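Structure, as structure tokens:
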Amino acid sequence: MRQFEIVCDSACDIPRSECEKQGVTIVPFYVSFDGEKYEREEIDFAVRDMYDRMVQNAGVYPKTSLPSVQDYVDYIEPLVNEGKAVLCIIFTSHMSSAFQSAVAAAELIRDEHEGATVVAMDSERATVAEGLFLKQAIRLRDRGLEVHEAAQKLVELKKSSRIFYTVADLEYLIHGGRIGKAVGLAGSILKLQPMIVFKDGELEAAGVCRNRTKAIKKIIDLLDSHVKEGNLNLNDYDFSIGFGYDPKEGQALKIMVDTYLKSKGAEASVEVYQIGATIGVHNGPYALGLGMIKKV
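Each residue of the sequence shown is one higher than the one before, starting from 3 at the first, in the working numbering.
As structure tokens, then:
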């Protein structure tokens, strides 16, 4: 029997329909193409349509807006009214104030509902890494753990999480302030593609490649280096691939990851998801990466 329910935001990049089947409530982020009208991810627009618009309108930079305190209240309170404890998993606070909104919402609900249990957790993760983090929370919930016990186990998993990824268009990283303009200018001139590692809630540079083929291969090299450095048992991990505009790239990377895991004697399954709006608007339409986290 479930001891708590889970609320997560759309930055986890697991499709809303799949989350609903797993009994997870999703709070949407917002996106605007004109800076005035903001639409809810996967409710008012499809992520596929967002990428089509980005590709067809070069030089247009969509903006995101985080869920408000009231948004979180609106999604959490119905569960509390049913007498449920709630674990709320939120997009990394290093890149957004969504966690602060969720914390404020939790405080409001606890003030208005005596005895309510609402735990807001900063996942310190984004996109497929947040999705993998969410999946561990689902497993803990389904095992019947109490919400605080599950939250503690999730905290212990954070350090095991990584994303290794590349982007094809430096302009989005420059525009979003995620990469230095000098580095971006050099990359644009030399047609270099940056390699990036996402860990502990933040981005770290991991070199550059001269073309897309080498960049995709480099993702496997970064994974292999991480495995060797930490002497990791790959059977202890879950993996997930995120792609932007091109699903063929996602499937191609999956084949490479499957081959690598098999060569190491690992039997882990690798899911493939489209990177959602929250990260997609900052990385551009051609982001591609691999996420991993230790399983519970």
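No residue lacks a Cβ here, since even glycine has one placed at the ideal position from N, Cα and C. Bear in mind the structure is a predicted one, so any value in this text is a computation, not a measurement.
Residue burial classification, residue i (beta-carbon count within 10 angstroms, cutoff 16)
i      : result
ARG50  : exposed
GLN58  : exposed
LYS219 : exposed
PRO196 : buried
ILE78  : buried
THR215 : exposed
ALA184 : Summary for ALA184: the model assigns pLDDT 45, below 50, so the residue's position carries little reliability, and this model does not support an answer.
VAL283 : buried
GLU269 : exposed
ARG212 : exposed
Residue-chain proximity (residue i, chain C), Cβ-Cβ < 8 Å
i      : result
GLY291 : As a matter of chain content, chain C is missing from the structure shown, which is built from one protein chain.
Unbroken beta strand (DSSP E) run spanning residue i, endpoints
i      : result
ASP240 : 239–245
ILE8   : 7–11
PRO196 : 195–201
VAL88  : 88–92
LYS65  : 65–67
VAL259 : Taken as a continuous stretch (DSSP letters only), VAL259 belongs to no beta strand (DSSP E), being part of the alpha helix (DSSP H) at 249–265.
Assumed close pair residue i, residue j - CB separation to whole angstroms, cut-off 8 Å
i      : j      : result
GLU251 : LEU194 : Actually they are not in contact, since the Cβ atoms of GLU251 and LEU194 sit about 18 Å apart, beyond 8 Å.
GLU132 : ALA48  : The pair is not a contact, with the Cβ atoms about 20 Å apart (cut-off 8 Å).
Residue span of the alpha helix (DSSP H) that contains residue i, given as start and end
i      : result
TYR77  : 71–83
SER99  : From DSSP, SER99 is part of no alpha helix (DSSP H); its letter is neither H nor E.
THR215 : 214–232
GLU206 : No alpha helix (DSSP H) contains GLU206, which is instead part of the beta strand (DSSP E) from 204–211.
Residue i (DSSP reduced to helix, strand or coil)
i      : result
ALA107 : helix
ALA184 : Low per-residue confidence applies at ALA184: pLDDT is 45, beneath 50, and the placement is therefore not dependable enough to give any value.
LYS39  : coil
MET3   : coil
LEU292 : strand
ARG2   : Residue 2 cannot be examined here, being either before or after the span of the chain that is shown, 3 to 298.
ASP124 : strand
GLU132 : helix
Below 8 Å, can you find three or more Cβ-Cβ pairs linking the stretch 105–112 to the stretch 72–86? yes
Give a yes or no on contact between the stretch 252–267 and the stretch 141–149, applying the rule of three or more CB pairs nearer than 8 Å. no
Contact the stretch 268–277 vs the stretch 22–42: 3+ CB pairs below 8 Å: no
Would you say the stretch 26–36 touches the stretch 67–74, given that touching needs at least three Cβ pairs under 8 Å? yes
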